[in-house]
Amino acid sequence: MGSGISVTIALLGTFLSAAWPAGLDGGEGPPSGDGSPPARKVAIAPGTVVNDRAPRTWSHVVLKALPRMASGDLDTLPSSAARTAALFRTAILADVGPSASDPERFVLRRIGVGLCVPQPGRGDVVVDSESAEDVGVSLGMIEGAVLKSAEAEVNRGRLVASTSTFALYRGPALLQVGEDHHKVVVSYAFLADGRTGALRVLSWGDDLDARKAGGASTLPMVELAPGLAFDCRLNVKAERLLGAVPVSWSFAMESLPPGEPRPMTDELAQALAKGKAPLDGERVEDALRRSLAVSGRQTMSRPPSAGSAAARGAASGSGPGRSARISTGGSAPRGTTPRAR
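With the UniProt record's numbering, letter number 61 in the sequence shown gets 61, and the count goes up by one each step, no holes.
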């Protein structure tokens with residue numbers, strides 16, 4: 001039971017049971033000029049079904065990670081590992097909608113993170129350890145214990161800066177670097193267009209082990225495709241007793257989520273650097289928008305409307321090992337009509 005639990009825990013959330021690195025705490029920013037509150041992070045409600053299209057009360061499926069054993073010491077794993085590797089999936093959602101104080105302006109209201117279990121005929125259903133049975137997901141004793149432990153790992157991720165149109169979410173992970181597994185912090189930056197409701201999501205990593213060794217620590221920044229289904233290949237590394245008997249395992253992503261390269265300007269790097277003070281959300285947002293302007297490329301996804309065949313077609317392009325098609329069109333959040341201010 002112990003080995004099965006440790007195997008599965010490593011596959012959940014951000015795929016690491018490592019301690020949260022010190023000095024990366026942050027917080028929400030002050031209300032915007034129109035009084036809109038900053039974006040906040042929430043747990044996705046149990047029972048929510050996360051498929052290609054955004055669930056009710058959400059506007060965007062940002063990412064769904066589909067972990068699987070892929071390389072390394074696979075032959076040393078317990079026989080149940082292949083199933084547990086694919087059982088729990090991480091989902092990230094976003095909620096972009098009209099501002100309560102100015103309906104013609106869109107704001108980023110929430111970032112949602114949760115763990116899903118695939119269910120025949122339903123899709124990926126969000127679960128938590130308190131209510132899995134209540135939402136129709138049956139888990140065994142080991143799976144239930146794993147889920148409870150995994151929730152603590154997922155909860156290590158947090159928003160470190162936010163405004164009403166921006167959020168920076170960070171979580172710990174393990175990444176394969178050569179033959180080693182490095183501790184990294186994976187960042188996801190969310191940028192909402194206040195006029196149209198379009199959302200852009202950027203991701204990059206910070207290699208903590210490389211930083212300790214005095215090397216370059218920032219990993220390349222990419223822009224994620226809308227509705228990304230990430231084929232998360234995991235490398236397995238066995239720790240052996242006396243060099244022979246496997247007694248524990250480490251699991252690391254072979255790569256971070258894929259996307260289109262975007263520049264990390266000096267201004268953005270400086271805005272992201274922090275000493276003892278929390279990150280300044282407005283400063284980071286402004287620097288990130290200017291950094292994207294350098295590339296001269298606009299990759300946006302807008303919340304799909306209920307009747308948009310074009311949006312459904314774009315979403316259906318997602319799947320393991322590939323990204324959803326990038327669309328610069330789309331429609332506004334449900335029930336709204338976007339208008340330029």
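Glycine is no exception: its CB is placed at the ideal position from the N, C-alpha and C atoms.
All figures in this text were calculated on a predicted structure; none of them were measured in a lab.
- By the neighbour-count criterion, in which a residue is buried when 16 or more other Cβ atoms sit within 10 angstroms of its Cβ, residue 123 is exposed.
- Residue 285 and residue 142 have their alpha carbons spaced roughly 43 Å apart.
- Under the three-state reduction of DSSP, residue 264 is assigned to coil, being neither helix nor strand.
- Under DSSP, residue 71 forms a beta bridge with 235.
- Secondary structure in the segment 143-221: the beta strand (DSSP E) runs of 3 residues or longer, each lying completely within the stretch, are 158-162, 166-177, 180-192, 199-207 in chain order.
- When C-alpha distances from residue 191 are compared across 287, 73, 91, the shortest belongs to 287.
- Restricted to the segment 108-136, the beta strand (DSSP E) segments that are unbroken, complete and at least 3 residues in length are 123-127, listed in chain order.
- Here residue 167 is not near residue 87, since their CB atoms are 8 Å or more apart.
- In this structure, the beta-carbon distance from residue 126 to residue 91 falls below 8 Å.
- When C-alpha distances from residue 267 are compared across 255, 260, 283, the shortest belongs to 283.
- Rounded to whole angstroms, the separation of the alpha carbons of residue 273 and residue 36 is 26 Å.
- Of all alpha-carbon atoms in 74, 165, 66, the one lying nearest the alpha-carbon of residue 51 is that of 66.
- C-alpha of residue 79 to C-alpha of residue 265: approximately 47 Å in a straight line.
- Under the DSSP definition of a beta bridge, residue 98 partners with 106.
- The alpha-carbon of residue 114 is positioned some 9 Å away from that of residue 93.
- Burial is judged here by how many other beta carbons sit within 10 angstroms of a residue's own beta carbon; residue 75 has fewer than 16 and is exposed.
- The alpha-carbon separation between residue 243 and residue 237 amounts to approximately 13 Å.
- In this structure residue 205 is not in contact with residue 222, their Cβ atoms being roughly 10 Å apart against a cut-off of 8 Å.
- By the beta-carbon neighbour count (other beta carbons within 10 angstroms, threshold 16), residue 134 is exposed.
- In the structure shown, the three-state DSSP call for residue 241 is strand.
- Per DSSP, the continuous beta strand (DSSP E) segment holding residue 42 begins and ends at 40-43.
- In the structure shown, residue 229 falls within a strand segment according to DSSP collapsed to helix, strand and coil.
- Under the three-state reduction of DSSP output, residue 50 falls in the coil class, being neither helix nor strand.
- When DSSP states are grouped into helix, strand and coil, residue 273 belongs to the coil group.
- For residue 161, the closest of 170, 231, 153 by C-alpha to C-alpha distance is 170.
- Per DSSP, the unbroken alpha helix (DSSP H) holding residue 281 starts and ends at 281-295.
- A Cβ-Cβ distance of about 5 Å is found for the pair residue 194 and residue 105, placing them in contact under the 8 Å criterion.
- The alpha-carbon separation between residue 281 and residue 291 amounts to approximately 15 Å.
- As computed with DSSP, residue 253 is found in a beta bridge with 175, 234.
- The Cβ-Cβ distance between residue 164 and residue 187 does not fall below 8 Å.
- Residue 241 sits close to residue 247, with the two beta carbons spaced by under 8 Å.
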